[in-house]
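Report on one structure; see the data block that follows.
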Amino acid sequence: MHDLKWIRANPADFDGGLKRRGMQPHSAEILALDEENRAHIAKLQEMQTRRNAVSKQIGKAKGSGDEAKAKELMDEVASLKEDYAAGEKQGGKIADDLNALLASLPNIPLDEVPDGGGEADNVVTRTEGEKPSFSFTPKEHFDLGEDLGMLDFETAAKMSGARFAVLSGPLARLERALAAFMLDIHTTEYGYTEVVPPILVRDEAVFGTAQLPKFAEDLFRTENGYWLIPTAEVPLTNMVREQILAESELPKRFAAHTPCFRSEAGSAGKDTRGLIRMHQFSKVEMVSVVHPREAMDELERMTGCAEEILKRLGLAYQVLTLCTGDMGFTARKTYDLEVWLPGQDSYREISSCSVCGDFQTRRMKTRFREAGGKTLHFPHTLNGSGLAVGRTMVAVLENYQQEDGSIMIPEALRSYMGGLEKIEKS
RNA sequence: GGAGAGGUGGCCGAGUGGUCGAAGGCGCUCCCCUGCUAAGGGAGUAUACGGUAACCCCGUAUCGAGGGUUCGAAUCCCUUCCUCUCCGCCA
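For the first sequence, counting from 1, position 179 maps to 178 in numbering that gives the first Met the number 0; every step adds exactly one.
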């Protein structure tokens, strides 16, 4: 949610930010509504002031037994009532329009974010790790998994349809191992608090992180109105909703391993094979709630946490700074981590770390009180994957495949796999 | 799922139609007093929005949320969310 006061003071910057995202300017429309809204508020408050004053006099008159005076005053206030009801209705509509408009507009990118219209304009900021070399043609992960007999899309399709998978045996364990490995690093080495959050949440929570109202079609919803989380960003960020924190409580860092559910509306025909794009997948997510002045450092730190996982798994990757046209709705700046997939002969997104400024805390009504001071401020939020577990498994399969179709288990993971060194067909 | 009880300020807790933004207590802040410690005295202590250049001041709203009745609602009515107790069911 945007800061109306900031838009009032900086309409050109606001429109400039929207334009960089490929959107039309909106400040004139917003400011017109705002002005109208404030005029209505002033008018209504004036009426209320009068009504309150007269009502108090009625109370006094009745208290002193002066019924005639009371009656007279009651007649006087009666006419006020109609005007007030009409004004309230009109004013309410203006306020609703204004809020709906504000809620529908994406966050303003930071100056340092590269301009661009889409994926092609993202900037490769650095490349890390070494791609493995093969003496044979590396296979894609779905062939590897299916040949091992541990990855089964057909069986999943029978019970759930497309975009679901069944993992079994050592591959199922690998999923659990990866998640535990990631979570252990984030919690014991980087200070994230491990959380097991609800994965069914209500409207308010999803509005808070701004998947609602604009992106409802991307989400699954239960018949009684819960939303299945598309990412643990939703519950983890909402950990601080409607709270006033002490400055000393910041930063707050949460990490969780949860299933995520996405309808993938509009991505028909995309990544139809394999584990890359599922209706259900698991992910380890990081969320930080920080003092505004710490936000940019925290973005680097969080990205580093995600990178550390890739490094320890010995996977090559590149870091992209997303351009204005490819960033998510809430982001002011985003780094994507793309892991090297030899089977696909390409880099694929495995993590996305974003700084959202106060965009989400305004929606959630999260504030913090400055130490020693009285004034309240909105903290800033960040979220990042650390990492997408399914896609990490894809990377392990493709990068550690052997000519015979077996998979070497990365050193760092072996203790989580009961000492197993290699996954092979049984 | 059935039957009850309840949601008031940072916390506890009064308050069943008028002068209540809300008694009292605790906590916290500042000041005074007190030769340590303890005690005592005084003042202050919500948020949002609008009027404003203004965190001074004025106004409006907020007693879980939304709606209604009324000249006037923390107090009455309806809806809804949440919490708790008992029963049932259940991992």
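Every residue gets a Cβ at the ideal spot worked out from N, C-alpha and C, and that includes glycine.
Note that the coordinates shown come from a computational prediction; the quantities given were computed from them, not determined experimentally.
As assigned by DSSP and simplified to three states, the class of Arg220: strand
Buried/exposed call for Glu71, threshold 16 Cβ in 10 Å: exposed
For Asp83, the three-state DSSP class (helix, strand or coil): It should be pointed out that residue 83 corresponds to Tyr in this sequence rather than to Asp. The answer is helix: DSSP assigns Tyr83 an H, G or I state.
Cβ-Cβ separation, Asn237 to Met363 (assumed contact under 8 Å), whole Å: 6 Å
C-beta atoms of Ser350 and Ala305 nearer than 8 Å: yes
Same chain, Cβ closer than 8 Å to Ser262, neighbours up to 5 away in sequence not counted: Glu216, Asp217, Leu218, Phe219, His278
Under the three-state DSSP convention, the category Ala330 falls into: coil
Assigned exposure category for Pro197 - 16 Cβ within 10 Å defines buried: exposed
Sheet register partners of Val471 (DSSP bridge): Since the first residue of the chain shown is 0 and the last is 425, residue 471 is not available in this structure.
Among Ala245, Ile107, Asn36, the one whose alpha carbon lies nearest that of Ala94: Asn36
Cβ-based burial, Glu223 [other Cβ within 10 Å; buried from 16]: The amino acid occupying residue 223 in the given sequence is Asn; Glu does not appear at that position. Asn223 should be labelled exposed.
Every unbroken alpha helix (DSSP H) inside the region 3-72 [4 residues or more]: 3-8, 10-19, 26-62
Residues of its chain near Arg413, where Cβ-Cβ distance is below 8 Å and the 5 sequence neighbours each way are ignored: For Arg413, where only same-chain residues beyond five positions count, the Cβ hits under 8 Å are Leu419, Glu420.
For His376, the three-state DSSP class (helix, strand or coil): The three-state reading of DSSP puts His376 in strand, counting E and B together.
Under 8 Å between C-beta atoms of Leu182 and Ala254: yes
Inter-residue Cα distance where the pair is Tyr346 and Glu28: 42 Å
Buried/exposed call for Leu309, threshold 16 Cβ in 10 Å: buried
Own chain partners of Phe214 with C-beta closer than 6 Å, once the 5 adjacent residues on each side are dropped: none
Per DSSP, cross-strand counterpart(s) of Phe453: This structure does not reach residue 453, given that the chain is present from 0 up to 425, and the question cannot be answered.
Per DSSP, cross-strand counterpart(s) of Leu166: Leu150
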